Every structure is written in C-alpha cells, then in structure tokens.
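Asker: Pasting a structure here, questions to come.
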Amino acid sequence: MATNMIIKLIFLSLCIFTIFISSSSAISSCNGPCQTLDDCDGQLICIRGKCNDDPDVGTNICNNSPPDPNNCQPSGQVNCHGTHPIYRCSPPVTGSTSAKLTLNDFSEGGDGGGPSKCDDQYHDNNERIVALSTGWYAGGSRCGKMIRIRANNGKSVTAKVVDGCDSTTGCDAEHGYQRPCKYNIVDASVAVWRDLGLDTDTGVVPITWSVA
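Just so we're aligned: the sequence shown equals residues -26 to -1, 1 to 186 in mature numbering (1 follows the signal peptide of the UniProt record, and there is no 0).
In structure tokens form, the structure reads like this:
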C-alpha cells in the first residue's frame, strides 16, 4: 500500500516536472511572456516582458491589421557618412503625392554620379528632368514619363523621369558617393527648381507630384 502511494507520488512529480520544462521552453506568441528575443515566435520581439510586433520591421501580426501603405518601413541600413536606412518601397502614387524635392546635377562629372539609368546618358541641367526614389522609379517603368510637380508657392511644372534616386544603396562611384535616397524623394534638375521659383540653397523643400 505504502509502496503504491510512493510510486503514485513519484509519477505525479515527474508529470509536473515535464509540464514545467515544456512550458518554460515554449515559444510565446502575441502578448505571451518573454525575457529574451528567443522566447518569441517568428518575427515577434520581446517588449517590456511581452512578445509583440517589431516596430522597426513594421510587422502587423499581433493587431491583425494590414500594414499602412503610406508607412514605408526600412529594409536595412548602410554605414557611410554615418548610419542610414535603406528602402525598397515608396508611398503609393496618387493625384497629389507628398514628397521632398532635392537638387541633382545630371551632367557628366556632377554629383549625380553615373549616367541616368533610363537612357544611360548624361543630361543638360537646363532640361526639366528628375530622378525618383526606388519605389516610385519602379524598376524603370516610369522612364520617359512626365510628372507634374507642385510647390507650396502655388507654381507647378512638368518634368521627365530619366533616372532613379537609389534608396537601396549608395556611397560608391555609381552614386556619386552620396548616401542612399530616402523613400520619398523627387531629385530634380536646377531647371525644375528655377521654374518653380524655388531657392536651390534651401536644399530640400516639400512638394506634391502626380503623373502628368
């Protein structure tokens, strides 16, 4: 009788120990307890003791909502002149797409680096031409297309897409040793700036653009 009781107690203890071990090594899902990144499932990370979406990656696993198409998340980073995020996306193009206008020199020897991707040519900066961030350049599908650029002063001009402003890499001869473009850049010739009545010394100005 006593022997049977001891056997039952040993068996019960083993069961409790097995449950404890398996639960302590279990991978937690959304809002599950965690102490390190290894405690969380998939792309989840440990934030304040609970597994949750990684804000740097932009996952939307725990809140079950689709990602915001306007919220372009970095896909990594490069180190040159400091650390800079890289992007493979841009916000969706609408009838009034918000962007930042920057100044580019499309001539040979200019700060644009190599020839334009669309035609493998250098260009006169008196042409109204632009380079678009990687997501908007869309693998060259907008090459030769005209876009309309609107400044906050009420002026607007059309310009031709001749190049991509690379958001995925930079800091090499091909890119004029420039850092990667941000995801929302319209990199324009001085002719675009001049016809919009903008001061090139400003460097970066907010604009909107659309397909012309």
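Even for Gly, the Cβ is constructed at its ideal location relative to N, Cα and C. Treat the numbers as computed from the prediction; the structure is a model and nothing was measured.
#1: Looking at Val164: is its Cβ nearer than 8 Å to the Cβ of Leu77?
#2: Expressed to the nearest angstrom, what Euclidean distance is found between the alpha-carbon atoms of Asp137 and Thr174?
#3: Could you give the uninterrupted runs of the alpha helix (DSSP H) lying entirely in the segment 39 to 120, keeping only those of 4 residues or more?
#4: If you pair each beta-carbon of the segment 167 to 183 with each one of the segment 79 to 88, do three or more pairs fall below 8 Å?
#5: For Val131, collect the residues of the same chain with a Cβ closer than 7 Å to its Cβ; drop the 5 residues on either side in sequence, then sort them by chain order.
#6: Let me confirm a value: Ala98 is counted as buried when at least 16 other C-beta atoms fall within 10 Å, else exposed. Which label applies?
#7: If I measure Cβ to Cβ from Thr10 and keep anything under 7 Å in the same chain, skipping five residues before and after, which residues do I get?
#8: May I have the straight-line CA-CA distance separating Gly69 from Ala186, to the nearest angstrom?
#9: Cα separation between Asn49 and Arg62?
#10: Can you tell which of Arg22, Ala73, Cys8 and Cys36 has its C-alpha closest to the C-alpha of Cys46?
#11: Looking at Val135: is its Cβ nearer than 8 Å to the Cβ of Gly118?
#12: Going along the chain, which residues of its own chain have a beta-carbon closer than 8 Å to the beta-carbon of Asn5, five neighbours each way excluded?
Answerer: Here's the rundown:
#1: Mapped onto the sequence shown, residue 164 falls at position 190. Mapped onto the sequence shown, residue 77 falls at position 103. It is a contact, given that the beta carbons lie within the stated cut-off.
#2: If you number the sequence shown from 1, residue 137 lands on position 163. If you number the sequence shown from 1, residue 174 lands on position 200. When rounded, the distance between both Cα atoms is 20 Å.
#3: Within the segment 39 to 120, the complete alpha helix (DSSP H) runs of at least 4 residues are 108 to 111.
#4: Below 8 Å, too few C-beta pairs join the segment 167 to 183 and the segment 79 to 88 to call them touching: fewer than three.
#5: In the sequence shown, the residue the question calls residue 131 occupies position 157. So the qualifying residues of the chain are Arg102, Ile123, Val166, Asp169 and Leu170.
#6: Your numbering for residue 98 matches position 124 in the sequence shown. Here residue 98 turns out to be Asp, not Ala, going by the sequence shown. It counts as exposed.
#7: What you label residue 10 is simply residue 36 of the sequence shown in a count that begins at 1. If we look at Thr10 and ignore the five residues flanking it on each side, its Cβ neighbours are Cys20.
#8: Locating residue 69 in the sequence shown gives position 95, where the first residue counts as 1. Locating residue 186 in the sequence shown gives position 212, where the first residue counts as 1. Using only the alpha carbons, I get a separation of about 9 Å.
#9: Counting from one through the sequence shown, the residue named residue 49 turns up at place 75. Counting from one through the sequence shown, the residue named residue 62 turns up at place 88. Looking at the sequence itself, residue 49 is Ser, so the reference to Asn does not match. So the alpha carbons of these two residues sit roughly 7 Å apart.
#10: Counting from one through the sequence shown, the residue named residue 46 turns up at place 72. Of the candidates Arg22, Ala73, Cys8 and Cys36, the residue whose Cα lies closest to the Cα of Cys46 is Ala73.
#11: For the purposes of this step, residue 135 is taken as residue 161 along the sequence shown, with counting starting at 1. For the purposes of this step, residue 118 is taken as residue 144 along the sequence shown, with counting starting at 1. Yes. Within cutoff.
#12: Counted from its first residue, the sequence shown places residue 5 at position 31. Lys24, Cys25, Asn26 and Cys36, listed in sequence order.
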